[in-house]
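One structure is given here, and the rest of the page talks about it.
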Amino acid sequence: MIQGTPAPPHDEPQRPGRARRVALAAVAAVAVLGATVGAGLAGTAGQTIAGSAQPVVEKPVAAIGSSMTATAAHQVGVVDINTDLKYANSQAAGTGMILTSSGQVLTNNHVIEGATTINVTVLSTGQTYAATVVGSDATNDVAVLQMTGASDLATVQTGDSAAVAVGDPVLAVGNAGGDPDTTHTASGTVVALNQTITASDQGGQPEQLSGMIQVTAAVQSGDSGGPLHDVAGEVIGMNTAAGTSGRRTRTTAAFAIPINKALAIASQIENGQASSTVHIGASAFLGVQVTADAATSGAVVAGIVPSGPAVQAGIVIGDVITSVDDRTVSSTSLSTIMEAYRPGDRVRVTWSDSSGRAHSATVTLAEGPAS
17 MIQGTPAPPH DEPQRPGRAR RVALAAVAAV AVLGATVGAG LAGTAGQTIA
67 GSAQPVVEKP VAAIGSSMTA TAAHQVGVVD INTDLKYANS QAAGTGMILT
117 SSGQVLTNNH VIEGATTINV TVLSTGQTYA ATVVGSDATN DVAVLQMTGA
167 SDLATVQTGD SAAVAVGDPV LAVGNAGGDP DTTHTASGTV VALNQTITAS
217 DQGGQPEQLS GMIQVTAAVQ SGDSGGPLHD VAGEVIGMNT AAGTSGRRTR
267 TTAAFAIPIN KALAIASQIE NGQASSTVHI GASAFLGVQV TADAATSGAV
317 VAGIVPSGPA VQAGIVIGDV ITSVDDRTVS STSLSTIMEA YRPGDRVRVT
367 WSDSSGRAHS ATVTLAEGPA S
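Residue numbers (the numbering used here): 17 to 387.
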């Protein structure tokens, strides 16, 4: 719950997520505070957020953001991001910000997580480009993309998030609902700084985001990765999470990563500086989806990619992967172990079948979805 001085009861906080389209039904998600990311949109996927670090005093709804009006200038340097998630048999959408005239884009990591193809549409021109992942920081929910063949693009104008103060008016811009023909804007007010929230994805894995700017703007599904503007039109944050009231079905809180922090991580990615949280380039992929089983030591194969490395080795659904290059594997550690490799690397995989018989094979890792 969002803690604060007298305020209406809230549902469990959520984080604004990305817009997701499952099969042919178009639905969207952004990081939202509440029961599910993208609350109110059937079929959305995202993360649940719980908690904030400082008390919050809510402003009357009629007074929120009355001094901020959206203009065409607020769309300059903003892009819609649309992804295919082949291994999940779905699509998703979110928002991003152009950092360089050659097409580097800043967005949330959860916007492109699991993506096998990424397309970026520039709002101001309507032109669409294919994009690749330069690098990502899942811990801090930041990613940098590169648009293919882009040049002479207008960029967002960034400000100084260190100068933001409680009471400042703001305007959030994004791809709410995943609709490429509609740009969503939401005005609001800064109500708290340096907030800490805990998000968990559908798998229940918790993720803590700190130093967040909390605002009253009605951020919606698909707005993730979009700009949070100050009154001068400069970007002071990246929309990342939001909350809704169960009684009134309205956004009661939204959270943005301060732009200074996001740009510092982006610079590290652009310079190819990998770290314990920053991953550079494409991810290596074994071609399996794994799950945990309390009665089993290892990672239980719950899904497998046709023609992937695991299939070629003879691994089938129900098998249990126990090690990779003699490193012991669990369901939670497999993705971490894969971070040490690159597509094309050869690794020795050991697993047991349903009868308990052990097997080993050397496989060549494929290029995986964005992580």
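Glycine included, C-beta positions come from ideal geometry on N, C-alpha and C.
Query - First and last residue of the uninterrupted alpha helix (DSSP H) at Leu279 - result: 275 to 286
Query raised in the report: Would Val180 be called buried (16 or more neighbouring beta carbons within 10 Å of its own) or exposed?
Result: buried
Query - Classification of Pro274 by the beta-carbon crowding that lies within 10 angstroms, buried from 16 upward - result: Under this definition Pro274 is a buried residue.
Query raised in the report: Closest by CA to Gly334, which one among Gln305, Gln143, Thr198, Thr344?
Result: Gln305
Query raised in the report: Residues bridged to Gln162 by DSSP?
Result: Gln120, Thr148
Query - Closest Cα partner of Ala356 within the set Val127, Ile331, Val340 - result: Sorting Val127, Ile331, Val340 by C-alpha distance to the C-alpha of Ala356 places Val340 at the top.
Report task. Look at the alpha carbon of Gly253 and the alpha carbon of Glu286, and state the distance between them as a whole number of angstroms. Result -> 19 angstroms
Query - CA-to-CA distance, Ala89 to Leu244, given in whole angstroms - result: 13 angstroms
Report task. Please state whether DSSP places Gln19 in a helix, a strand or coil. Result -> Any reading at Gln19 must be qualified, since the residue scores a pLDDT of 30, below 50, and its modelled position is unreliable; the value itself is stated next. Gln19: coil per DSSP, three-state reduction.
Query - Simplified DSSP assignment, three categories, for Pro359 - result: coil
**Report entry** Pairwise C-alpha distance: Val379 and Gly303
**Finding:** 11 angstroms
Requested in this report: Would you kindly report the start and end of the unbroken beta strand (DSSP E) that includes Leu101?
Outcome: 94 to 101
Requested in this report: Would you identify the three-state DSSP class for Val189, choosing helix, strand or coil?
Outcome: Strand, per DSSP.
Query raised in the report: Per the contact definition of three or more C-beta pairs closer than 8 angstroms, is the stretch 228 to 236 in contact with the stretch 202 to 215?
Result: With a cut-off of 8 angstroms, the stretch 228 to 236 and the stretch 202 to 215 count as touching, because enough Cβ pairs lie within range.
Query - C-beta contact flag for Thr111 and Gly193 at 8 angstroms - result: no
Query raised in the report: Is it right to say Glu383 is buried, meaning 16 or more other beta carbons lie within 10 angstroms of its own, or is it exposed?
Result: exposed
Query raised in the report: Among Ser240, Gly249, Phe301, which one has its Cα closest to the Cα of Asp184?
Result: Nearest of Ser240, Gly249, Phe301 to Asp184, Cα basis: Gly249.
Report task. Tell me whether the beta-carbon of Thr171 lies closer than 8 angstroms to the beta-carbon of Ile114. Result -> yes
Query raised in the report: In this structure, does DSSP put Ser371 in helix, strand or coil?
Result: Secondary structure of Ser371 (DSSP, three-state): coil.
Requested in this report: Could you spell out where the beta strand (DSSP E) holding Ala315 opens and where it closes?
Outcome: 315 to 320
Report task. Kindly say whether Ser339, judged by its beta-carbon, lies nearer than 8 angstroms to any beta-carbon of chain B. Result -> No chain B appears in the structure shown, which is made up of a single protein chain.
Query - Cutoff 6 angstroms; reference Ser347; Cβ partners in own chain excluding five residues on either side - result: Within the same chain, Ser347 has close Cβ partners Val306, Thr307, Ala308, Ala315.
**Report entry** Reduced DSSP category for Gly242 - H, G, I as helix; E, B as strand; rest coil
**Finding:** It is coil, neither helix nor strand.
Report task. Work out the CA separation of Ile331 and Ser370 for me, nearest whole Å. Result -> 11 angstroms
Query raised in the report: Is the beta carbon of Tyr103 sitting closer than 8 angstroms to the one on Thr132?
Result: yes
Report task. Find the nearest neighbour of Thr256 within the set Ser118, Leu122, Ser117, judged by alpha-carbon distance. Result -> With respect to the C-alpha of Thr256, the residue from Ser118, Leu122, Ser117 having the closest C-alpha is Leu122.
Query raised in the report: Anyone know if the C-beta pair for Ala166 and Ile128 falls short of 8 angstroms?
Result: In this structure, the beta-carbon distance from Ala166 to Ile128 does not fall below 8 angstroms.
Query - C-alpha gap between Ser299 and Val321, whole angstroms - result: Put simply, the backbone Cα of Ser299 is about 15 angstroms away from that of Val321.
Query raised in the report: Got a sec, what are the start and stop residues for the alpha helix (DSSP H) Thr352 sits in?
Result: 350 to 354
Query - Boundaries of the beta strand (DSSP E) in which Ile128 is found, first to last residue - result: Not the beta strand (DSSP E): Ile128 falls in the alpha helix (DSSP H), residues 125 to 128.
**Report entry** Delimiting residues of the beta strand (DSSP E) encompassing Gln305
**Finding:** 304 to 307
Query raised in the report: If you count every other CB in all the chains shown that lies within 10 Å of the CB of Gly372, and 16 or more means buried, which is it?
Result: exposed
Query raised in the report: Based on the DSSP secondary-structure assignment, which residues constitute the bridge partners of Ala382?
Result: Phe301
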